[in-house]
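Enquirer: The structure is given below, and queries will be raised subsequently.
In the working numbering, the protein residues as written are 20 to 327.
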């Protein structure tokens with residue numbers, strides 16, 4: 020339709036201009052000006068024939084792309100819960116598949132119960148084609164392994180951590196995860212080796228540092244646990260100080276433990292924590308398993324946030 024309109028404009032207007040030119044000019048001038056005006060008219064008609072672009076229609080694909088961009092912005096700015104909600108709405112509309120479902124699972128592992136994340140990882144594993152890129156396989160194996168550990172599913176976690184380390188042998192999170200598995204399986208030397216290796220690769224990786232110290236406590240090597248924790252406790256979080264304080268109590272240094280905790284916590288918190296640590300130390304002195312007592316302590320969370 021645009022082509023027909025352009026031809027109509029050219030024919031009618033050009034003829035009209037030529038008639039005007041013929042009436043007032045000599046033949047030579049007529050020809051020159053007629054050609055000039057014809058070119059101008061053609062240019063004007065061509066411009067007039069071009070219509071402005073129509074606004075782009077909102078399609079499901081456009082909506083999904085915009086939602087995904089929003090989720091990424093929220094995630095990258097630390098607004099994890101808001102990003103999770105965007106992913107969840109996309110999932111309800113059937114707009115997530117493949118690697119984006121894996122992104123959703125990874126985010127869910129940080130803001131949702133482990134069972135929820137595990138279900139999403141399982142869905143992603145079903146739809147992601149094999150063979151997978153190493154980065155994708157690592158994210159799947161490590162994510163599922165951490166979820167299984169959080170749920171106490173040790174054998175499944177062991178399988179997942181082996182899978183992650185097969186893809187990336189020096190991944191510190193996978194080494195730490197396998198170390199936790201070894202510890203839960205009673206293989207303390209292997210656990211210590213994995214925690215130590217993770218710290219060689221990343222000396223500031225706090226989870227491995229804490230776990231190595233706890234592994235030394237389980238092995239009855241309290242002084243070594245203190246040696247591991249002391250250098251990092253001044254600049255680390257409260258969790259490091261709690262573990263170091265427990266090691267001091269087990270090493271019959273309660274005043275040292277109390278002083279350490281008082282630097283970050285209010286007096287009433289310090290008293291409550293010390294009471295629990297001293298009960299734990301008394302049970303261990305009476306023959307209770309260190310591993311069992313540490314497990315009990317982990318199931319009764321202590322206040323880990325700095326107090327004002």
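A virtual CB, placed ideally from N, CA and C, is assigned to each residue, including glycine.
Taking Cβ positions, are residue 227 and residue 200 nearer each other than 8 Å?
Expert: For the purposes of this step, residue 227 is identified with residue 208 of the chain shown, where counting begins at 1. For the purposes of this step, residue 200 is identified with residue 181 of the chain shown, where counting begins at 1. Contact flag unset, no.
Enquirer: Between residue 82 and chain B, is the shortest Cβ-Cβ distance under 8 Å, so that the two count as touching?
Expert: Absent from the structure: chain B. Only one protein chain is present.
Enquirer: With a threshold of 6 Å on Cβ separation, who are the neighbours of residue 266 within its own chain once the five nearest residues in sequence on each side are excluded?
Expert: On the chain shown, position 247 is the one that residue 266 refers to. For residue 266, where only same-chain residues beyond five positions count, the Cβ hits under 6 Å are 241, 244, 245.
Enquirer: Assess, as a yes-or-no matter, whether the stretch 182-193 is touched by the stretch 215-227 under the definition of 3 or more beta carbon pairs within less than 8 Å.
Expert: The stretch 215-227, when compared against the stretch 182-193, does touch it at the 8 Å Cβ threshold.
Enquirer: For residue 300, collect the residues of the same chain with a Cβ closer than 6 Å to its Cβ; drop the 5 residues on either side in sequence, then sort them by chain order.
Expert: Position 281 of the chain shown, counted from the first residue, corresponds to residue 300. Same-chain partners within the cutoff: 268, 269.
Enquirer: Should the stretch 117-135 be called in touch with the stretch 143-160, which here means at least 3 C-beta pairs below 8 Å?
Expert: In this structure the stretch 117-135 lies against the stretch 143-160, because at least three pairs of beta carbons, one per stretch, are closer than 8 Å.
Enquirer: Between 297, 185, 169, 247, which lies nearest to residue 215 when the distance is taken from Cα to Cα?
Expert: Within the chain shown, numbered from 1, the residue matching residue 215 stands at position 196. Minimum Cα distance to residue 215 is reached at 247.
Enquirer: Between residue 236 and residue 146, is the Cβ-Cβ spacing less than 8 Å?
Expert: Residue 236 sits at position 217 when you count from the first residue of the chain shown. Residue 146 sits at position 127 when you count from the first residue of the chain shown. Note that the C-beta distance between residue 236 and residue 146 is not below 8 Å.
Enquirer: Taking just the CA atoms, how far does residue 239 sit from residue 325?
Expert: For the purposes of this step, residue 325 is taken as the residue at position 306 of the chain shown. For the purposes of this step, residue 239 is taken as the residue at position 220 of the chain shown. Bear in mind that the predicted position of residue 325 carries a pLDDT of just 43, short of 50, making it too unreliable to give a figure here.
Enquirer: Given this structure, state the Cα-to-Cα distance separating residue 205 from residue 255, to the nearest angstrom.
Expert: For the purposes of this step, residue 205 is taken as residue 186 along the chain shown, with counting starting at 1. For the purposes of this step, residue 255 is taken as residue 236 along the chain shown, with counting starting at 1. Using only the alpha carbons, I get a separation of about 28 Å.
Enquirer: Whole angstroms are fine: how far does the CA of residue 96 sit from the CA of residue 58?
Expert: Residue 58 sits at position 39 when you count from the first residue of the chain shown. Residue 96 sits at position 77 when you count from the first residue of the chain shown. Any reading at residue 58 is ruled out, since the residue's pLDDT is 37, under 50, leaving its predicted position unreliable.
Enquirer: Short of 7 Å in beta carbon distance, which residues of its chain neighbour residue 277, apart from the five on each side in sequence? Order them along the chain.
Expert: As a position in the chain shown, residue 277 is number 258, starting the count at 1. Around residue 277: 289, 293.
Enquirer: So residue 218 and residue 197 are supposed to be a Cβ contact under 8 Å. How far apart are they, rounded?
Expert: Working through the chain shown from its first residue, we reach residue 218 at position 199. Working through the chain shown from its first residue, we reach residue 197 at position 178. Not a contact, Cβ separation roughly 14 Å.
Enquirer: Please list, in chain order, all residues of the same chain as residue 302 whose beta carbon is under 8 Å from its beta carbon, the five residues on each side excluded.
Expert: To locate residue 302, count along the chain shown from 1; it is residue 283. Answer for residue 302: 312, listed in chain order.
Enquirer: Kindly give me the distance between the Cβ atoms of residue 251 and residue 259, rounded to whole angstroms, as I take these residues to be in contact under 8 Å.
Expert: Sequence index remark: in the chain shown, residue 251 carries index 232 (1-based). Sequence index remark: in the chain shown, residue 259 carries index 240 (1-based). Contact holds; Cβ gap of about 6 Å.
Enquirer: Given a cut-off of 8 Å, decide if residue 137 and residue 118 are closer than it, judged by their beta-carbon atoms.
Expert: Position 99 of the chain shown, counting from 1, holds the residue named residue 118. Position 118 of the chain shown, counting from 1, holds the residue named residue 137. The answer is no: Cβ separation not under 8 Å.
Enquirer: What is the DSSP secondary structure of residue 73, counted as helix, strand or coil?
Expert: The sequence position of residue 73 within the chain shown is 54, counting from 1. The predicted model places residue 73 with a pLDDT of 43, which falls under 50 and marks its position as unreliable; any figure quoted below should be read in that light. It is coil, neither helix nor strand.
Enquirer: Which whole runs of the alpha helix (DSSP H) in the stretch 97-145 are 4 residues long or more, in chain order?
Expert: 99-111, 118-130
Enquirer: Compare the Cα-Cα distances from residue 169 to each of 110, 220, 291, 132 and report the closest residue.
Expert: For the purposes of this step, residue 169 is identified with residue 150 of the chain shown, where counting begins at 1. Of the listed residues, the one whose Cα sits closest to residue 169 is 132.
Enquirer: Can you give me the C-alpha to C-alpha distance between residue 129 and residue 106, rounded to a whole angstrom?
Expert: As a position in the chain shown, residue 129 is number 110, starting the count at 1. As a position in the chain shown, residue 106 is number 87, starting the count at 1. Straight-line Cα distance between these residues: approximately 14 Å.
Enquirer: Do you know how far the Cα of residue 286 is from the Cα of residue 175?
Expert: In the chain shown, counting from the first residue as 1, residue 175 sits at position 156. In the chain shown, counting from the first residue as 1, residue 286 sits at position 267. Roughly 42 Å separates the two Cα atoms.
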